[in-house]
Structures are given as structure tokens and as C-alpha cells.
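Notes follow the structure.
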Amino acid sequence: MRFAPYLVFITLWSLVVYGPIAHWVWGGGFLAKLGALDFAGGTVVHLNAATAALVAALVLGKRKDYARQAILPHNVPFVLLGAGLLWFGWFGFNAGSALEANALAASAFLATNTAAAAAALGWMFTEWMMRGKPTVLGAASGAVAGLVAITPASGFVGPMGALVIGAAAGVLCFVATNFMKRALKVDDSLDVFPVHGVGGALGTTLTGVFAAAYLGGVGFPEKMTMGDQVLVQVTGVLAVAVWSGVVTWILLKVTDAVVGMRVQPEEEHEGLDTVLHNEKGYNL
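The letter at position 177 of the sequence shown is residue 383 when you use my numbering, and the numbering goes up by one with no holes.
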């Protein structure tokens, strides 16, 4: 029964948060009617889930050792393995959104790889300039930020647009990650919001720029200018963030009141692997 709060919350969240947003964008809802462009889920998946993650982090509160001692990565080689698997799998995520093996899928594939590489370099060089040393963990985080940012744009932009979107995501998501940790002190352990939220919002907005035919994109819907398209994209970002944030907060509060969300302090001290699974992780 320890998992009951999370199962209840996830079920409710899927029905009342994800479902309506998917309809707005992909099911003929108001954002689709406005002409919003989201090829593979920059708003529906990434911004939506990242906003929910931010709200959950704020409602649940910080881990007991947060800001008291360094919480270092458990295993950097495993981080790189995971990032590599994500990079590879993202080709199916983005290119697969074309729904068949065609020129659109090939273009989305190329845009995805280009943006990820540019973002990895953008994050790495920004970290190098601001901290004096680049890290492989940072490069991996940057690659994921680029993959997120290109997700809404992958079927609408060309290689140069993907390059700019990826590089911008690497820089901006690095800055956002540091701002959340150092200034806001939000305990977002996997940097979900600064990577997936900021990256998703950035990619969705810039889709309205680089979808322009004269910038290598597929062009805008009929009678739409770049300004019009950017306004629609920003409207989508704001609508998704507000709906996801407000409804997630309500669901978390209701779930917490009914079945409880946070483990007991002594359970957190013992470790959730042991408490929930009777297992203990080891550094390899």
C-alpha cells in the first residue's frame, strides 16, 4: 500500500491534466485551431510534465540533506549510458512522429541529432566559461536539453534551425538549472523543470521562428506570419503551464489529504530503496 498515493495521483493526473492538453494540441482543441505547432510533444509531454514536477517538488518539500551536504551523482558512467540510450531512443520519439518512413521522418531525425549535439556543446562551453571546467555530466545534460527543445520543432525546421535551437537550449537550460538550485533552492533532483520545462518552452517558442520557409523550415499555416505563429506558440506554452501547474497542485493536495504523499522522516533517513523494496543500491 505504500505505492497507493503515487498510483492514485498518476491515474488522476493522466486523466485530468495530460488528457485535456493532448486534446488541445493534437485532438482538434483550441490550440490546434489557433494553429499551434508541436510535432512530437514539446508542450504536451515535456513542458506539461516538467511543470507538474516543479509543483510536486514544491509541495513535497526538500530532501532532508538538501543544501546541507553535496548530493553527488551516484555513477557517472551510468549517467552517460542513460543519456546515450535517450539520444538513440529519441530518434524513434521524434522521427517516429512522422508515422511512416518518409522524407519528414528523415528530416526530423537529422534535426534531432543536430540539436542534441549543439546543445551538448552549448552547455559544456557555458559551464566552462562560468565555472572554469567542463564536465561530462554537463555535456550529457545539455544533450538531453537539446533533445527536449527540438521535440516540438523537429518536423517543422531545417538543420540550421535545429542547430540554433539546440545551442540556445544548451545555454539557457544550464543557466536555468543553476538559477533554480542556487537562487531559488528548489530541490528538483533531476533538473526536470530547467531542462524539460525551460527546454520545452524554448523549443516550442522558437518553432514559431524557424518554421519559416526562408529559414529552412516547412513554412507557416496559411495567412500566418512569423509574429502570428510566435504568439500562438507562446499562448500554447502559457496555457499548458498554467493548466498543468494549477491542476497538479490541486491533485497533490487532495491526494496528500486523503492518503498522504511524503514518507516518514525515519523512513527517509533509512533510505527508500530499503523501506520500499528491501533492497540497497551499491556504487559499481
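Just so you know, even glycine gets a beta-carbon here, dropped at the ideal spot from N, CA and C.
Keep in mind the model is a prediction, meaning the values are calculated, not measured.
For a cut-off of 8 Å, the C-beta gap from S313 to A246 is around 13 Å, too long to register as a contact.
Under the DSSP assignment, K459 falls in the alpha helix (DSSP H) whose first and last residues are 432-464. At a Cβ-Cβ threshold of 7 Å, A321 and G352 count as neighbours. Annotation: H280 to G298 spans about 28 Å, alpha carbon to alpha carbon.
Between the beta-carbon of P358 and that of T431 there is about 19 Å, and that puts the pair past the 8 Å contact cut.
For V265, the secondary structure class from DSSP, reduced to helix, strand or coil, is helix. The beta carbons of A258 and W219 sit about 7 Å from each other, so the pair counts as a contact at 8 Å. With the rule of 3 Cβ pairs closer than 8 Å, the region 234-253 does not count as touching the region 377-395.
When secondary structure is reduced to three states using DSSP, A307 falls in the coil class, being assigned neither helix nor strand.
CA-to-CA, the gap between L287 and H402 works out to about 19 Å.
Residue environment: H252 is assigned as buried (16 or more neighbouring CB atoms within 10 Å of its CB, all protein chains considered).
Runs of the alpha helix (DSSP H) spanning 4 or more residues and lying entirely within the region 352-422 occur at 365-384, 404-416, in chain order. The alpha-carbon of V481 is positioned some 13 Å away from that of R468. In the three-state reduction of the DSSP assignment, L243 falls in the coil class.
In this structure L327 is not in contact with G367, their Cβ atoms being roughly 17 Å apart against a cut-off of 8 Å. In the structure shown, G344 falls within a helical segment according to DSSP collapsed to helix, strand and coil.
Counted as a single uninterrupted DSSP element, the alpha helix (DSSP H) harbouring N300 occupies residues 282-300. K339 and T318 have their C-alpha atoms spaced approximately 27 Å apart. Going by DSSP, G225 is part of the alpha helix (DSSP H) stretching over 225-232.
Contact annotation: the region 430-444 touches the region 405-419, with at least three C-beta pairs closer than 8 Å. In this structure, the straight-line span from the alpha carbon of Q435 to that of I356 is close to 17 Å. Contact between V363 and F416 holds, with the beta-carbon distance rounding to 4 Å and staying under 8 Å.
Note on geometry: alpha-carbon atoms of A242 and Q439 lie some 6 Å from one another. In the DSSP annotation of this structure, the continuous segment of the alpha helix (DSSP H) that includes D479 starts and ends at 478-483.
For V282, the closest alpha carbon among the candidates E473, S347, R388, R337 is that of S347. Only residues of its own chain outside the window of five on either side were considered, and among them P365 have a CB closer than 7 Å to the CB of L316, listed in chain order. DSSP, reduced to helix, strand and coil, places R337 within a helical segment of the structure shown.
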